[in-house]
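Below you'll find the structure, written out as structure tokens, and then a few comments.
Below, the structure written as structure tokens:
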């Protein structure tokens with residue numbers, strides 16, 4: 001796969017800039033003209049930090065980046081044990097979420113599991129109920145795949161209108177990492193699924209004993225019993241030592257601290273698929289088993305936590321897009337609240353059910369903007385407006401808000417979360 | 422891009438296993454048969470850790486993984502300020518190196534740069550010498566690409582025979598991350614490269630003032646002026662806030678804490694390309710400007726730091742492969758020191774000049790093994806034996822050892838670094 005599309009995209013950038021605003025061509029970035037070769041006088045950096053290479057057996061970010069952290073919204077939940085913090089999307093680049101910044105959602109805190117004591121049981125409608133140790137799992141063929149995990153409630157606060165001022169809070173219940181794991185299919189084959197089985201029930205070892213009913217068809221298709229994320233062991237808050245990966249489906253189903261998978265012939269109708277994770281419509285009916293996360297996107301820069309600080313001239317808009325149904329071949333960006341759309345430039349690998357990164361470069365004239373992005377996925381589905389979503393689903397919902405986000409940019413470059421009609 | 426090749430590869434696994442050893446088919450993994458549904462009695466994990474989701478604004482690995490760290494070899498260098506530590510390849514999976522575990526090599530410690538004070542100058546044979554701030558760089562179009570970075574001296578201790586007992590030390594001067602950066606070409610175009618220019622000299626802001634001569638053709642092709650790795654800002658020890666990315670070429674050229682790029686018409690013949698980073702041949706001549714890292718691979722599991730502990734039966738061999746000249750379409754694995762070869766299964770994205778992950782699953786009969794892997798890259802080049810390398814390059818070299826590695830596995834599963842004839 002070629003990773004170097006800059007020649008064609010540079011031409012695209014110039015053409016896009018000419019189409020986008022008043023300026024006929026992209027302006028130069030106003031770097032300062034420098035005396036030559038006086039640079040060494042400008043930069044007194046010839047020094048070193050600390051005691052040398054032993055300092056960081058496990059390295060950490062620069063102290064200058066101490067503001068780049070997961071954040072929660074303390075009033076959102078009654079108790080920090082059942083709460084959430086958010087990925088700082090506005091500080092990130094590319095498509096990989098660093099493990100230390102991947103959002104957390106717990107229903108009853110983090111389970112503490114000694115890997116030597118870990119066991120995974122498969123039981124129910126199987127020929128031989130089995131218990132696997134972590135060492136047993138390591139003897140099965142494993143796969144490496146990159147997937148987004150999005151909480152079904154990501155953006156839930158925004159159903160009734162713009163509320164949270166920053167993409168970390170409106171869209172930050174998502175992360176995208178490379179998983180290594182054993183296809184669940186191989187473990188089910190080892191136990192022997194009996195005729196008539198149609199569902200599986202993964203169960204977590206946390207204090208909430210998280211369970212969800214998953215169709216056997218999905219379990220046999222692309223689910224992974226994952227042990228690693230981004231090359232290293234799963235983090236404690238992400239299910240150490242084992243979590244289920246359910247590609248493209250809502251995060252609640254990706255059971256962490258996985259200790260058991262029961263095989264059955266009907267769904268279990270547990271709390272997390274009846275009172276929670278359903279979408280209450282205006283009619284009083286509830287949509288249920290709405291597992292797939294539809295196509296969605298958000299502009300991460302500029303955004304309320306990351307204003308434009310450089311004034312008019314060449315400006316880079318960037319953001320992320322994803323779909324639980326495939327890849328994202330195209331994202332469009334609007335500068336005027338959805339009246340006109342410009343095709344963004346994608347950069348980075350385009351992988352199935354993985355985050356995609358887009359850019360739109362233009363020459364900003366300093367006038368206010370209404371920024372939007374609109375994702376189109378590989379099935380042809382187009383991300384809807386919030387108005388379209390509410391037309392079909394009413395205003396009672398918390399889950400599955402994949403509507404188009406608007407940031408209002410003022411002439412000073414400040415950004416605000418707004419809705420447009 | 423489809424990420425789900427498990428159906429065909431499972432068939433490949435079984436076929437491969439049948440070919441590999443004495444066993445006709447792969448045996449079952451001996452998971453323990455379990456009483457049903459008594460699992461909850463086996464696993465008293467229904468508890469939570471710490472004060473909830475606020476505990477880790479920037480998360481860290483499980484305390485159970487405290488052994489997974491970069492390690493150095495204290496006797497290797499005279500001073501820790503000019504030293505190296507090594508990526509724990511035997512503990513990693515997939516193709517991404519976590520930022521906290523990416524090896525470090527410093528010639529004079531880590532520079533401490535305030536991002537607000539950061540400047541990058543382009544000078545020399547340009548129409549307009551320019552100085553860029555970090556904010557200036559963020560106004561240029563940027564790209565996301567995944568590349569390995571390998572120190573030219575990776576495996577250097579092994580030229581004269583097997584010495585270091587663990588792939589962390591024999592092969593751990595490599596990491597593979599997703600970079601986000603501005604194509605260097607765009608910055609050079611902004612300054613205006615003058616006719617006759619053929620080389621650039623990137624210079625670091627560390628106390629060693631690292632410099633290397635890079636052909637202008639490479640600078641205009643795929644080099645990046647990178648600000649992010651794996652989604653977040655560069656780590657201090659990897660050049661925060663800016664490093665040069667020179668895809669496929671030796672790590673010494675990827676200048677960290679980049680403060681200046683001079684454009685000229687000939688190479689500068691600085692220390693790092695004359696007395697160092699050259700390959701002294703038997704004749705007394707030295708190979709110079711040997712920039713490209715040729716195809717290479719290593720089995721990471723099992724290896725001396727990660728023996729086989731489960732006894733005979735289904736066994737997964739895994740490792741990594743890379744080439745500075747393209748992708749790795751194929752890796753072969755030998756169980757008998759190179760007499761017979763079996764094609765490994767690749768899993769994960771195959772990206773240009775990026776690390777690749779391979780697996781070979783077989784039914785181990787418990788007899789001693791001589792494990793080897795052999796990478797083939799997209800140019801058709803095949804990784805040589807150490808004997809072949811020494812035939813052409815003698816035994817004086819330190820750099821560019823891409824010879825085939827052998828691990829001897831005894832009947833207890835212990836692994837040792839050995840050479841075979």
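Protein chains in written order, with my numbering: chain A, 1 to 421; chain B, 422 to 842.
Yeah, the Cβ is synthetic: ideal placement off N, Cα and C, and Gly gets one too.
* Asked: Can you name, in chain order, every residue of its own chain whose Cβ lies under 6 Å from the Cβ of residue 836 (chain B), other than the five neighbours on each side?
  -> Numbered from 1 along the second chain, position 415 holds the residue referred to as residue 836 (chain B). So the list reads 723, 724, 725, 728, 828 and 830, once near-sequence residues are dropped.
* Is residue 131 (chain A) closer than 8 Å to residue 416 (chain B) when the C-beta atoms are compared? -> Any answer about residue 416 (chain B) is impossible in this case: the structure gives chain B only from 422 up to 842.
* Can you list, in chain order, the residues of the stretch 131-142 of chain A whose Cβ is nearer than 9 Å to any Cβ on chain B? -> Near chain B, meaning a CB-to-CB distance below 9 Å, the residues of the stretch 131-142 of chain A are 131, 132, 133, 135, 136, 137, 138, 139, 140, 141 and 142.
* Asked: According to the Cβ coordinates, are residue 155 (chain A) and residue 171 (chain A) closer than 8 Å?
  -> If you number the first chain from 1, residue 155 (chain A) lands on position 155. If you number the first chain from 1, residue 171 (chain A) lands on position 171. Yes, these two residues count as a Cβ contact at 8 Å.
* To do: Please check if any C-beta of chain A sits within less than 8 Å of the C-beta of residue 839 (chain B).
  => Here residue 839 (chain B) corresponds to residue number 418 of the second chain, with the count starting at 1. No, residue 839 (chain B) does not count as interfacial toward chain A.
* To do: Please specify which runs of the beta strand (DSSP E), each continuous and at least 3 residues long, are wholly inside the stretch 248-279 of chain A, giving them in chain order.
  => Segments of the beta strand (DSSP E) lying fully in the stretch 248-279 of chain A: 258-264.
* **Option nearest residue 429 (chain A) by Cα separation, candidates B:657, B:814, B:692 and B:693** => In the structure as shown, chain A starts at 1 and stops at 421, and residue 429 (chain A) therefore has no counterpart that could be examined.
* Can you tell me where the beta strand (DSSP E) with residue 459 (chain A) in it begins and where it stops? -> Limits of chain A in this structure are 1 at one end and 421 at the other, which puts residue 459 (chain A) out of reach.
* To do: Would you verify that the beta carbon of residue 377 (chain A) is, or is not, closer than 8 Å to some beta carbon of chain B?
  => Position 377 of the first chain, counting from 1, holds the residue named residue 377 (chain A). False, the Cβ-Cβ gap to chain B never drops below 8 Å.
* Between the Cα of residue 564 (chain B) and the Cα atoms of A:203, A:137, A:94 and A:134, which residue gives the shortest distance? -> Here the question's residue 564 (chain B) lines up with position 143 in the second chain. Among A:203, A:137, A:94 and A:134, the Cα nearest to that of residue 564 (chain B) belongs to A:94.
* Asked: Shorter than 8 Å from the beta carbon of residue 25 (chain A) to some beta carbon of chain B?
  -> Residue mapping note: residue 25 (chain A) aligns to position 25 of the first chain, counting from 1. For residue 25 (chain A), the predicted model reports a pLDDT of 32, less than 50, meaning its position is unreliable and no value from the coordinates is stated.
* Whose C-beta lies closer than 7 Å to the C-beta of residue 618 (chain B) among residues of the same chain, with five residues either side of it excluded? -> Indexing the second chain from 1 puts residue 618 (chain B) at position 197. Excluding its 5 nearest sequence neighbours in each direction, residue 618 (chain B) has C-beta neighbours in its own chain below 7 Å: 546, 637, 684, 685 and 686, listed in chain order.
* Contact residues within the stretch 630-664 of chain B, judged by C-beta distance below 7 Å to chain A -> Residues passing the 7 Å Cβ filter: 630, 643, 649, 651, 652, 653, 654, 656, 657, 658 and 661.
* Is there a Cβ from chain B that is less than 8 Å from the Cβ of residue 332 (chain A)? -> Within the first chain, residue 332 (chain A) is the residue found at index 332, counting from 1. Chain B, which has no Cβ nearer than 8 Å to the Cβ of residue 332 (chain A), makes this no.
* Asked: Are the Cβ atoms of residue 693 (chain B) and residue 710 (chain B) separated by less than 8 Å?
  -> Mapped onto the second chain, residue 693 (chain B) falls at position 272. Mapped onto the second chain, residue 710 (chain B) falls at position 289. No.
* With distances taken between CB atoms, is the gap from residue 322 (chain A) to residue 350 (chain A) smaller than 8 Å? -> Numbered from its first residue, the first chain carries residue 322 (chain A) at position 322. Numbered from its first residue, the first chain carries residue 350 (chain A) at position 350. No.
* Start and end residues, beta strand (DSSP E) containing residue 497 (chain B) -> Here residue 497 (chain B) is taken as the residue at index 76 of the second chain, counted from 1. It is not in any beta strand (DSSP E) - residue 497 (chain B) carries neither H nor E in the DSSP assignment.
* Asked: Taking Cβ-Cβ distances shorter than 8 Å, what residues in chain A pair up with residue 599 (chain B)?
  -> Taking the first residue of the second chain as position 1, residue 599 (chain B) is located at position 178. In chain order: 94, 95, 96 and 348.
* Asked: Got a sec? Which residues, its chain only, sit under 7 Å from residue 751 (chain B) by beta carbon, not counting five neighbours each side?
  -> Stepping through the second chain from its first residue, residue 751 (chain B) is reached at position 330. Once the five neighbours on either side are set aside, the close Cβ partners of residue 751 (chain B) are 764 and 797.
* Below-8 Å beta-carbon distance, residue 772 (chain B) vs any chain A residue -> Position 351 of the second chain, counted from the first residue, corresponds to residue 772 (chain B). For residue 772 (chain B), the answer is yes, since a Cβ of chain A falls inside 8 Å of its Cβ.
* Partner residues on chain A for residue 481 (chain B), Cβ-Cβ distance less than 8 Å -> On the second chain, residue 481 (chain B) is found 60 positions in, with the first residue counted as 1. Ordered by position in chain A, the residues that pass the 8 Å Cβ test against residue 481 (chain B) are 58, 100 and 235.
* **residue 397 (chain A) versus residue 105 (chain A): straight-line alpha-carbon distance, rounded** => Residue numbering aside, residue 397 (chain A) sits at position 397 when the first chain is read from its first letter. Residue numbering aside, residue 105 (chain A) sits at position 105 when the first chain is read from its first letter. Distance between the alpha carbons of residue 397 (chain A) and residue 105 (chain A): 19 Å.
* To do: Tell me, to the nearest whole angstrom, how far the beta carbon of residue 176 (chain A) is from that of residue 148 (chain A); I am working on the premise that it is less than 8 Å.
  => In the first chain, residue 176 (chain A) corresponds to position 176, counting from 1. In the first chain, residue 148 (chain A) corresponds to position 148, counting from 1. Contact between residue 176 (chain A) and residue 148 (chain A) holds, with the beta-carbon distance rounding to 4 Å and staying under 8 Å.
* To do: Identify the contact partners of residue 361 (chain A) in chain B, using a Cβ-Cβ distance below 7 Å as the criterion.
  => Start at 1 with the first residue of the first chain, and residue 361 (chain A) comes out as number 361. Within chain B, the residues 562 have their CB atoms less than 7 Å from the CB of residue 361 (chain A), given in chain order.
* Please state if the CB of residue 111 (chain A) and the CB of residue 82 (chain A) are separated by a distance shorter than 8 Å. => To locate residue 82 (chain A), count along the first chain from 1; it is residue 82. To locate residue 111 (chain A), count along the first chain from 1; it is residue 111. Their beta carbons are not under 8 Å apart, which means residue 82 (chain A) does not touch residue 111 (chain A) by this criterion.
* Does the distance from the CB of residue 652 (chain B) to the CB of residue 58 (chain A) come in under 8 Å? -> For the purposes of this step, residue 652 (chain B) is taken as the residue at position 231 of the second chain. For the purposes of this step, residue 58 (chain A) is taken as the residue at position 58 of the first chain. No, they are not a contact pair.
* Asked: Does the distance from the C-beta atom of residue 225 (chain A) to that of residue 201 (chain A) stay below 8 Å?
  -> The residue given as residue 225 (chain A) occupies position 225 in the first chain. The residue given as residue 201 (chain A) occupies position 201 in the first chain. Taking 8 Å as the Cβ cut-off, residue 225 (chain A) and residue 201 (chain A) do not qualify as a contacting pair.
* **Assumed close pair residue 206 (chain A), residue 256 (chain A) - CB separation to whole angstroms, cut-off 8 Å** => The residue you call residue 206 (chain A) lines up with position 206 of the first chain. The residue you call residue 256 (chain A) lines up with position 256 of the first chain. 7 Å between Cβ atoms; contact.
* Asked: Residues in the stretch 488-499 of chain B with C-beta within 8 Å of chain A's C-beta atoms, listed in sequence order?
  -> Taking 8 Å as the Cβ-Cβ cut-off, the stretch 488-499 of chain B approaches chain A at 489, 490, 491, 492 and 493, given in chain order.
* To do: Give a yes or no on whether the C-beta atoms belonging to residue 715 (chain B) and residue 823 (chain B) are separated by under 8 Å.
  => Against the second chain, residue 715 (chain B) aligns to sequence position 294. Against the second chain, residue 823 (chain B) aligns to sequence position 402. Yes.
* Asked: Are there 16 or more other CB atoms within 10 angstroms of the CB of residue 632 (chain B), so buried, or fewer, so exposed?
  -> Indexing the second chain from 1 puts residue 632 (chain B) at position 211. Buried: at least 16 other Cβ atoms inside 10 Å.
* Asked: For residue 796 (chain B), which three-state DSSP category applies?
  -> The sequence position of residue 796 (chain B) within the second chain is 375, counting from 1. Strand, per DSSP.
* Straight-line CA distance for residue 346 (chain A) to residue 519 (chain B)? -> The residue given as residue 346 (chain A) occupies position 346 in the first chain. The residue given as residue 519 (chain B) occupies position 98 in the second chain. So the alpha carbons of these two residues sit roughly 24 Å apart.
* Asked: In angstroms, rounded to a whole number, what distance separates the CA positions of residue 56 (chain A) and residue 705 (chain B)?
  -> By 1-based counting over the first chain, the position of residue 56 (chain A) is 56. By 1-based counting over the second chain, the position of residue 705 (chain B) is 284. Our two residues, residue 56 (chain A) and residue 705 (chain B), have alpha carbons roughly 39 Å apart in a direct line.
* Is residue 161 (chain A) buried or exposed, if buried means 16 or more other CB atoms sit within 10 Å of its CB? -> In the first chain, residue 161 (chain A) corresponds to position 161, counting from 1. It counts as exposed.
* To do: Output the boundary residues of the alpha helix (DSSP H) element that contains residue 221 (chain A).
  => Taking the first chain and counting its residues from 1, the one referred to as residue 221 (chain A) is at position 221. Run containing residue 221 (chain A): 216-221, per the alpha helix (DSSP H) assignment.
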